[in-house]
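Presented below is the structure to which this report refers.
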Amino acid sequence: MSIRIHVPPGAPRVLAAAQLSNSVGDGAYYVASALYFTRVVGLSPTQIGLGLTVAWAIGSVAGVPLGALADRRGPRGTSVLLALATCAAVATFLFIRSFPLFLVATVGYAVAQCGLAAARQALLAGLVAPADRTGILAHLQSTLNAGLAVGAALGGLALRFDTAAAYRAVFAMDAAGFLLCALVLLRLPSVARTPAARASGEPRLAVLRDRPYAVITLLNAVLLLRMPLLSLAIPLWIVERTRAPGWLVSALFVLNTLAVMAYQVRMARGVTGPRTAVGAVRRSGLVMFVACAVFALSAAGLSPWAAAAVLVAGAVLQVIAEMQQSAGSWQIGFALAPAHQVGQYQGFFGTGVPLARTLGPLLLTWLLVVWGMPGWLLLGAVFLAASLAMGPAVRWAERAGAERPEAPPARASAAVTHPALRVGTAEKRDAAGCDR
8 MSIRIHVPPG
18 APRVLAAAQL
28 SNSVGDGAYY
38 VASALYFTRV
48 VGLSPTQIGL
58 GLTVAWAIGS
68 VAGVPLGALA
78 DRRGPRGTSV
88 LLALATCAAV
98 ATFLFIRSFP
108 LFLVATVGYA
118 VAQCGLAAAR
128 QALLAGLVAP
138 ADRTGILAHL
148 QSTLNAGLAV
158 GAALGGLALR
168 FDTAAAYRAV
178 FAMDAAGFLL
188 CALVLLRLPS
198 VARTPAARAS
208 GEPRLAVLRD
218 RPYAVITLLN
228 AVLLLRMPLL
238 SLAIPLWIVE
248 RTRAPGWLVS
258 ALFVLNTLAV
268 MAYQVRMARG
278 VTGPRTAVGA
288 VRRSGLVMFV
298 ACAVFALSAA
308 GLSPWAAAAV
318 LVAGAVLQVI
328 AEMQQSAGSW
338 QIGFALAPAH
348 QVGQYQGFFG
358 TGVPLARTLG
368 PLLLTWLLVV
378 WGMPGWLLLG
388 AVFLAASLAM
398 GPAVRWAERA
408 GAERPEAPPA
418 RASAAVTHPA
428 LRVGTAEKRD
438 AAGCDR
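Residue numbers (the working numbering): 8 to 443.
Dropping the structure here:
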């Protein structure tokens with residue numbers, strides 16, 4: 008299998024460089040952080056879990072106002088500031104020695120990360136033509152996975168040495184990655200910001216009153232339960248319920264990472280509007296239902312190698328569903344957001360990620376490890392129901408959007424100043440043969 012990461016030139020390539028610069032450090036952080044906090048800082052697993060839960064809950068709420076700030080003040084400057092804030096938050100982990108300080112630093116990290124995600128989405132929306140956004144996001148997702156894979160390998164070295172200095176080197180690298188990310192984002196042009204005036208009667212945080220978009224965000228959060236599925240539930244399932252070898256946990260993670268690197272861009276090419284996006288989400292639900300049934304089969308008293316083969320088949324189906332759901336949700340999240348409020352809408356849409364990370368581990372552990380095979384079938388049915396409900400929800404949001412009053416135009420003086428860094432449909436066609 009040939010894996011090529013080739014991002015179209017201009018703004019997408021700069022955005023990908025920013026993505027890569029911080030994802031390498033994040034990959035190492037994800038691998039080594041738990042042991043650092045327990046062995047070096049001296050926290051208990053319960054304290055770590057509580058701190059992360061509180062932090063991501065606060066971060067998910069903060070994403071909306073920070074996204075709105077990006078709309079009003081400009082997404083490039085806001086992205087740079089939030090990247091620097093994330094750098095500072097990670098750097099503070101080097102010095103904390105108590106749970107209260109850990110909680111403060113983790114909240115700062117989660118708030119900055121959620122705000123940065125929303126601001127970068129608004130920045131992309133201002134630099135990339137609507138028809139090209141899903142394809143560019145697929146490239147960025149591929150770049151993200153490539154960086155995480157490299158970072159995970161570096162984090163593995165820290166685990167190998169298992170010293171305080173090795174773990175601190177991981178955090179220093181992650182902080183440096185976000186600093187580099189901020190510097191790279193400065194290479195992008197400014198993007199038009201939303202004027203202070205709003206449409207008549209429109210609230211400042213309009214997304215909080217947009218019920219159709221809230222339903223879509225909730226459905227997307229349900230579909231995002233696939234995230235803790237691979238990182239937590241499947242490893243526990245393999246160890247507790249099957250006879251498959253333990254090393255398969257790592258192999259399935261590598262399989263997922265390489266598959267997304269190789270095929271996410273191709274999987275997103277057919278998603279060009281709300282209709283095709285709904286179709287992709289619907290197909291992802293069907294495939295995910297089959298994947299859950301296959302995973303359940305692995306506990307049916309099979310030999311170790313037969314169970315391993317079934318788990319690999321399930322993992323292949325799961326990553327196909329993941330790539331379809333990602334492509335469809337990206338398009339839906341952007342297409343239904345008003346052009347002058349992309350930041351706050353993306354901030355709200357992005358709450359599905361911390362929600363899945365917060366509630367998913369407990370829910371999936373209880374459903375799969377405790378219930379066993381029936382739990383897999385119930386989970387598959389939930390995925391399927393959420394994917395099928397996405398179509399009616401999107402049509403409801405489109406009707407509501409057609410009745411929404413228009414906002415005043417953005418200030419011309421704040422428009423993009425470097426047209427060469429924009430990307431349009433013609434550029435995408437030129438890069439169609441290149442794939443992250």
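Glycine included, each C-beta is placed from N, C-alpha and C at the ideal position.
The count of Cβ pairs closer than 8 Å, one atom from the segment 84-94 and one from the segment 106-123, reaches three, so the stretches are in contact. Pairing Phe356 with Arg46, the inter-Cα distance amounts to about 36 Å. When DSSP states are grouped into helix, strand and coil, Val135 belongs to the strand group.
When C-alpha distances from Val177 are compared across Val323, Phe44, Gly350, the shortest belongs to Phe44. Here Ala275 is not near Ala363, since their CB atoms are 7 Å or more apart. Spatial neighbours of Gly398 in its own chain (CB-CB distance under 7 Å, excluding positions within 5 residues in sequence) are listed in chain order as Val285, Arg289. In the three-state DSSP reduction, Ile241 falls in the helix class (H, G or I).
A Cβ-Cβ contact shorter than 7 Å links Leu255 with Ile245. Looking from the CA of Gln128, the closest CA among Leu375, Leu110, Ile103, Pro19 belongs to Pro19. Burial check for Asp169: the Cβ neighbour count within 10 Å stays below 16, so the residue is exposed. Taking a contact as a CB-CB distance under 8 Å, the pair Gln338 and Ser291 does not count as one, their CB atoms being some 13 Å apart.
Judged by DSSP in its simplified three-state form, Ile103 adopts coil rather than helix or strand. For the segment 160-188, there is no continuous beta strand (DSSP E) assignment of 3+ residues that stays within its boundaries.
Under a 10 Å Cβ-count criterion, Phe102 is classified as exposed, with fewer than 16 other Cβ atoms of the shown protein chains found around its own Cβ.
In the DSSP assignment, Arg216 falls outside any alpha helix (DSSP H) and carries neither an H nor an E. Taking every protein chain shown into account, the CB of Ser149 has 16 or more other CB atoms within 10 angstroms, so this residue is buried. Burial of Glu329 is indicated by the presence of at least 16 other C-beta atoms within 10 angstroms of its C-beta.
If you ignore the 5 residues before and after Ala303, its C-beta comes within less than 7 Å of the C-beta of Met380, Trp383, Leu384, all in its own chain and listed in chain order.
When the five nearest sequence neighbours on each side are left out, the beta carbons in the same chain lying within less than 6 Å of the beta carbon of Gly115 are those of Ala96, in order along the chain. A Cβ-Cβ contact shorter than 7 Å links Gly154 with Leu27. Straight-line measurement puts the Cα of Pro196 at about 43 Å from the Cα of Leu50. The C-beta distance from Val191 to Ala24 rounds to 5 Å, short enough to meet the 8 Å contact threshold.
For Val278, the secondary structure class from DSSP, reduced to helix, strand or coil, is coil.
With a cutoff of 7 Å on beta-carbon distance, Thr358 and Thr60 are scored as not near each other.
Shown here for Leu230: same chain residues with a beta carbon closer than 6 Å to its own, the five before and five after excluded, namely Gln332, Ala393 in chain order.
For Trp63, the closest of Val111, Leu186, Leu215 by C-alpha to C-alpha distance is Val111. Asp139 and His347 do not touch by the CB rule: their CB atoms are close to 20 Å apart, not below 8 Å.
Arg250 has its alpha-carbon roughly 43 Å from the corresponding atom of Pro281.
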